[in-house]
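Student:
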Amino acid sequence: MALSSVLSRRPWLGWLLVVGIFGGMVGAGGLLGAWSVICREGRCPSIASLEQYVPRQTSKVYAADGRFITELGLERRTLVRLQEIPKHVRDAVVITEDRRFYSHSGIDYYRVFGALARNVKAGSYVQGFSTITMQLARNVFSDRISREKTLLRKIKEARVARAIEQRYTKDKILELYLNQVYLGNGAYGVETASQRYFGKPVREVSVAEAAVLAGLLKGPERYNPRRFADRAILRRNTVLELMRREGAINDADASLAKAYPLQLAERTESGDVAPYFVEWVRQELEEHFGKGLYDEGYKVYTSLDVDMQGAAERALENQLQAIEAGRHGKYSHLTYEAYLARSAEGGERGAANSPYLQGAFVAVDPRSGAVRAMVGGRDFGDSKFNRAVQALRQPGSTFKPIVYATAVHEGFSPAQIVDDSPISLDQVSGETWSPQNYDMKFMGNIPMRKALYQSRNLAAIRTGMAVGAGSVISMAKRFGITTPIPPYPSIFIGSADVYPVQMIAAYSVFANLGLRTTPHAILKVENADGKVVWQPTTEREAVLSPEESWLMVSMMKDVVVRGTGARIWSSGFHVPAGGKTGTTNDGADVWFIGYTADLVAGVWMGFDKPQKIKANAQGGELASPAWSSFMTEVYRRKPQPPDWPRPDGVVVREIDALSGQLANSSCMTALTTEFFVQGTEPTGTCTDPSPRTLLSTDSVAKLRAKADSTNPFKIPPA
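In terms of UniProt numbering, the sequence shown is numbered consecutively and its last residue is 718.
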C-alpha cells in the first residue's frame, strides 16, 4: 500500500515520521541522507537570491477626484534595515512566532515534539512547528517549496533553513523575514504594512501598533483590523500579554497598550482601496504599456469614486454575512468566518474555487460609462479572481428586460396581452423542455407590464419566441453583451452565461433613455513629466428610441415598487428608479440590477462552483437589500436625480387591463392608465372580439419562418 494512502488515513503516523526524521538530525546527522535524495539535481532552492531584493518601480493610481488610491504592483514592499525597526516591533514578532529564535539553528526541536503530541492527540494536523527561518525559506522560495502540508515540504524547509542559518547572522535573518512576510491587504514587510494600516513608517509605531502587526502573522485576513477590528484587538492583546510574560514590556506598559484604541489611517492614505478595481486597471495598463508600467512612474487617473466604493463593499459584505447568519432562512454551507478560522489554524487558502459564498458589485455612471465602484469578491488576499469582470454566470431574469425591449422595439406595448400558461417544447434530441414559473403557478393571459414586474417565465418565453431568438440575440449584442448566446428558447429567461460587468452596464440603455455607454475605468495616464500619454475614448451607441426606453423604464419602475424587487421600495428608498431581480432555476445565482437617471448598479451572489445558495433563493430577497443599502448611502451624500421626463412621442390611454384594449362603459372593473409609443396605441375596445395573445396562429407562423436550423427546439403547433 502506498505511503501517501496510509498517511492520509492515519495522519499521526506522518507526525511520528517527522519526529523520526528530525530526531535523526539531533543525533548523527541522519537527515543528511534524506536531504541528498530530496534535494538532488537542484530540487531545493539556492539561498543566494535572498540578498537580491530590488524594489519594483510603481505607478501611482488616483480616483476621479484626484485622491490617491494605491501603487500598482502585485507585491508592494518597502525595504528597511533592522536598525530602523523598533525593538518592540522585533520583540513582538519573535515572541509571537518563534520565541527561541536566537537559540536554535533553524529548527526548534522543542516545538517539533510539542506539535507531535498535540497532533497525535487530535488525530490530525492542528499545530505546526515552523520557525521564523523556516517561514522565510517558504516565503522566499514559494515557487520551489510547496505550501501544501506535506512531509516533503517540511524537509525542504528544514534543509533551506539550516543553510540560511549557516550563512547569515540572526539579525540578518530577522531583517529578511520582516521585509518579506505578508501582512494582509497586499502589504509585504512591516514597513509597507505600517504605512497601509497606520499611515506612518514602522519606526514610529507604538507598542500597541507593533502588537497589531505581529498579530497579523497568525492570519493576515482573519485579523485584518480594517475588516475585523474587534478580532484584531483581541489578538493584539494576546500578543501584548505574551510580551509581558517574556519581560519585553512591563506590567504598566502592557496595561496601557491594551487600553489603547485602534487608530487606523484613512484608506486613501494607506493605499488600501478597491483592490479588484485596481487589478482590473493594472491589467489594462499592462496590456497597453507592457512592463514599462512598473518602470516609468506613470500617474493613472481613474473613474473610481472612493466613497461609492466603500458603500459598495459595506453593502455587499453586510448582506452576505446576513445570508450566512441565517437571517433569510437556513444556510448550510461553510461561512466566510468559518473559512477564515480554519485558515488561521493552518488550513489552506487561495483555492481556485473559494468554498464560501461570494459576491460582486459594480456601479457605473450611465452617462459616460465610468465605473464608480467595483467589488470582485470578498477577499482579494484569498482570491484575486475578479467575479465582476471574469466570471461567466447565468443572468436569470435580469436578462428579461432585453427580451421585452426587443418586443417594444418591434411595436409591442406594455398593455400587450401575453400568455403565462404551461408550454412544452420538443427538442431535437427527443427530450421535452417544460419550463416553470418560480412559484410553480400560472396566471394565464396578463399584460406584458405585469409579466415583467412579476417576472413570469412562461410569459417571457412566449414573448421571446414571438419576436424571434435572432432578434433578441441581436438586441443583446447592441446592449453590450459579447458572450455567445445560442438561439434556444431558454435564453429568454437568462440561461446564456454573461460577464456581470456587461450585464450591469447594459442597463445604461434604460437609464440613458436609449443610449448605451461602454464601461471603462481609465480616464487618462500621464508620464512623470505630466504629459498625457494615453486617454481612452468613451464609446456610446443608440440602441432604443427615447420613447421605447421610457416605456421600459416605466415597466421596470414597477419591479421596484410592486414587483419582485418591492423590498427596495418598502425599505424606504424612494428615489425614481427601475430595476430587475434575477434568480437562476437552480438557485445558484441571485442578482439585482437597478438604476436611476445618473447611476446604474448591480449585485451578483453565488458560489464559485455553482450550487444552490439556500432553499427558495431569490434575487429579490437575497441580492436587492445590498443594492438598496448601497443606493441609500450614496444618495445621502449626493443630490437626488430627477425622474425621467416623458418624451413627446409617448401617449396615454385608459384601457381595460384584461384585454389591453381601450376601455368603455362595459369594462370598468379593470380600468387602468397605460403608455404607448405613438402609433402603437390600441384602436379597438374591450367589447371587440378577444384580442390576440402572443403565440396565436399567425405569430407561430412568423416564428416558424424565423426559426434557425440550428435551434434544437421544435415549434409547437398553433
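Ideal Cβ placement from N, Cα and C applies to all residues, glycine included. Please read all numbers here as calculations on a predicted model, not as lab measurements.
Between the C-alpha atoms of A506 and N616, what's the straight-line distance to the nearest angstrom?
Tutor: Locating residue 506 in the sequence shown gives position 506, where the first residue counts as 1. Locating residue 616 in the sequence shown gives position 616, where the first residue counts as 1. Taking the straight line joining both Cα atoms gives about 27 Å.
Student: State the Cα-Cα distance for the pair A315 and E633, rounded to the nearest angstrom.
Tutor: Working through the sequence shown from its first residue, we reach residue 315 at position 315. Working through the sequence shown from its first residue, we reach residue 633 at position 633. C-alpha separation (whole angstroms): 9 Å.
Student: Find out if the Cβ-Cβ distance for the pair V403, V472 is shorter than 8 Å.
Tutor: Translated into positions along the sequence shown, residue 403 becomes position 403. Translated into positions along the sequence shown, residue 472 becomes position 472. Their beta carbons are under 8 Å apart, which means V403 touches V472 by this criterion.
Student: Looking only at its chain, what residues have a beta carbon closer than 7 Å to the beta carbon of residue 719, apart from the 5 residues adjacent to it on each side?
Tutor: Nothing about residue 719 can be reported from this structure: the residues present for the chain run from 1 to 718 only.
Student: Where does A161 sit, in a helix, a strand or coil, going by DSSP?
Tutor: Against the sequence shown, residue 161 aligns to sequence position 161. Helix at A161.
Student: Can you tell which of S421, A476, F573, I417 has its C-alpha closest to the C-alpha of E674?
Tutor: Position 674 of the sequence shown holds residue 674. Selected option, being the one with the closest Cα: I417.
Student: Could you say which of D307, P366, T518 lies nearest to V600 if we only look at CA atoms?
Tutor: One-based indexing of the sequence shown puts residue 600 at position 600. Minimum Cα distance to V600 is reached at P366.
Student: By Cβ distance, which residues of its chain are closer than 6 Å to Q678, with the 5 residues on each side in sequence left out?
Tutor: For the purposes of this step, residue 678 is identified with residue 678 of the sequence shown, where counting begins at 1. Cβ neighbours of Q678 beyond the five flanking positions: G649, V651.
Student: If you drop the 5 nearest sequence neighbours on each side, which residues of the same chain put their C-beta closer than 8 Å to that of T494?
Tutor: In the sequence shown, counting from the first residue as 1, residue 494 sits at position 494. According to the sequence as given, residue 494 is Gly; it is not Thr. Taken in chain order, the residues that qualify are Q394, P395, G396, S397, T398, F399, K400, G582, T584.
Student: According to DSSP, is F442 helix, strand or coil?
Tutor: As a first step, residue 442 must be located in the sequence shown, where it is residue number 442. Coil.
Student: Alpha carbon to alpha carbon, what distance is there between R235 and K156?
Tutor: Taking the first residue of the sequence shown as 1, we reach residue 156 at position 156. Taking the first residue of the sequence shown as 1, we reach residue 235 at position 235. So the alpha carbons of these two residues sit roughly 31 Å apart.
Student: Within 10 Å of its beta-carbon, does Y110 have 16 or more other beta-carbons around it, so buried, or fewer, so exposed?
Tutor: As a position in the sequence shown, residue 110 is number 110, starting the count at 1. Exposed, by the Cβ-count rule.
Student: CB-CB under 7 Å to P717, same chain, minus the five flanking residues each way: which ones, in chain order?
Tutor: Against the sequence shown, residue 717 aligns to sequence position 717. With a pLDDT of only 34 at P717, under 50, the local geometry of the prediction cannot be trusted, and no value is derived from it.
Student: Please state if the CB of A577 and the CB of G594 are separated by a distance shorter than 8 Å.
Tutor: For the purposes of this step, residue 594 is taken as the residue at position 594 of the sequence shown. For the purposes of this step, residue 577 is taken as the residue at position 577 of the sequence shown. For G594 and A577, yes; Cβs fall inside 8 Å.
Student: Alpha helix (DSSP H) containing W550: first to last residue?
Tutor: Position 550 of the sequence shown holds residue 550. Element bounds for W550: 546-562.
Student: Give every residue of the same chain whose Cβ lies closer than 7 Å to the Cβ of A274, excluding the five residues on either side of it in the sequence, and list them in chain order.
Tutor: Numbered from 1 along the sequence shown, position 274 holds the residue referred to as residue 274. Excluding positions up to five away in sequence, the list reads I69, L304, Q309, M374.
Student: Would you report the Cα separation of E286 and L293, rounded to the nearest angstrom?
Tutor: Walking along the sequence shown from the start, residue 286 turns up at place 286. Walking along the sequence shown from the start, residue 293 turns up at place 293. Their backbone Cα atoms lie some 6 Å apart in a straight line.
Student: DSSP three-state call for G594: helix, strand or coil?
Tutor: Counting from one through the sequence shown, the residue named residue 594 turns up at place 594. Strand.
Student: Looking only at its own chain, which residues have a Cβ that is under 8 Å from the Cβ of P86, when we skip the five neighbours before and after it?
Tutor: Position 86 of the sequence shown, counted from the start, is the residue given in the question as residue 86. Result list for P86: V202, R203, V205, A210, in chain order.
Student: By Cβ distance below 7 Å, which residues in the same chain neighbour D272 in space, the five residues on each side in sequence not counted?
Tutor: Here residue 272 refers to the residue found at position 272 when the sequence shown is read from its first residue. For D272, where only same-chain residues beyond five positions count, the Cβ hits under 7 Å are N185, R196, R226.
Student: With a cut-off of 8 Å, do at least 3 Cβ pairs link the stretch 311-327 to the stretch 552-559?
Tutor: Because the criterion of three Cβ pairs below 8 Å is not met, the stretch 311-327 and the stretch 552-559 do not touch.
Student: In its own chain, which residues sit with a C-beta less than 6 Å from the C-beta of P500, not counting the 5 before and 5 after it?
Tutor: Here residue 500 refers to the residue found at position 500 when the sequence shown is read from its first residue. Closer than 6 Å at the Cβ level, and outside the excluded window around P500, lie A360, A388, W604.
Student: Does the Cβ of G563 have 16 or more other Cβ atoms within 10 Å, making it buried, or fewer, making it exposed?
Tutor: In the sequence shown, the residue the question calls residue 563 occupies position 563. Buried, because 16 or more other Cβ atoms sit within 10 Å of the Cβ of G563.
Student: To which residues of the same chain is I522 closer than 8 Å at the C-beta, ignoring the five residues directly before and after it?
Tutor: Position 522 of the sequence shown holds residue 522. Taken in chain order, the residues that qualify are V281, E284, L285, V300, Y301, T302, S303, W534, P536.
Student: Hey, does G594 have any beta-carbon neighbour from chain D nearer than 8 Å?
Tutor: Among the chains in the structure shown there is no chain D, since it carries only a single protein chain.
Student: Taking the alpha carbon of P639 as the point to measure from, which residue in L183, R653, T596 has its own alpha carbon closest?
Tutor: The residue labelled residue 639 in the question sits at position 639 within the sequence shown. Considering only alpha carbons, the answer is T596.
Student: Is the beta carbon of S549 less than 8 Å from the beta carbon of G369?
Tutor: Here the question's residue 549 lines up with position 549 in the sequence shown. Here the question's residue 369 lines up with position 369 in the sequence shown. The answer is no: Cβ separation not under 8 Å.
Student: Rounding to the nearest angstrom, what Cα-Cα distance links I485 and M475 in this structure?
Tutor: The count along the sequence shown starts at 1 and reaches residue 485 at position 485. The count along the sequence shown starts at 1 and reaches residue 475 at position 475. C-alpha separation (whole angstroms): 11 Å.
Student: Helix, strand or coil for H104 per DSSP?
Tutor: Looking up residue 104 in the sequence shown gives position 104. H104: coil per DSSP, three-state reduction.
Student: I164 and T133 look like a contact to me (Cβ under 8 Å); what is the Cβ gap, rounded to whole Å?
Tutor: As a position in the sequence shown, residue 164 is number 164, starting the count at 1. As a position in the sequence shown, residue 133 is number 133, starting the count at 1. Indeed, because the Cβ distance is near 5 Å, the residues count as touching under 8 Å.
Student: In whole angstroms, what separates the C-alpha of Y331 from that of D108?
Tutor: Taking the sequence shown and counting its residues from 1, one reaches residue 331 at position 331. Taking the sequence shown and counting its residues from 1, one reaches residue 108 at position 108. Whole-angstrom Cα-Cα distance: 43 Å.
Student: Pairs of beta-carbons, one from the stretch 212-228 and one from the stretch 245-261, closer than 8 Å: are there three or more?
Tutor: Touching, no, given that fewer than three Cβ pairs across the two stretches are closer than 8 Å.
Student: What span of residues does the alpha helix (DSSP H) with R203 cover, start to end?
Tutor: Against the sequence shown, residue 203 aligns to sequence position 203. Careful: R203 lies outside any alpha helix (DSSP H) and carries neither H nor E.
Student: Can you grab the Cα-Cα spacing for the pair Q180 / E337, in whole Å?
Tutor: Position 180 of the sequence shown holds residue 180. Position 337 of the sequence shown holds residue 337. One C-alpha to the other measures close to 27 Å.
Student: Whole angstroms are fine: how far does the CA of F101 sit from the CA of G33?
Tutor: The residue you call residue 33 lines up with position 33 of the sequence shown. The residue you call residue 101 lines up with position 101 of the sequence shown. Here G33 scores only 49 on pLDDT, less than 50, and its place in the model should not be relied on; the value that follows carries that caveat. Distance between the alpha carbons of G33 and F101: 26 Å.
Student: Measuring CA to CA, which of F630, R637, N527, A623 is closest to H328?
Tutor: Within the sequence shown, the letter at position 328 stands for residue 328. Here the closest residue by C-alpha is A623.
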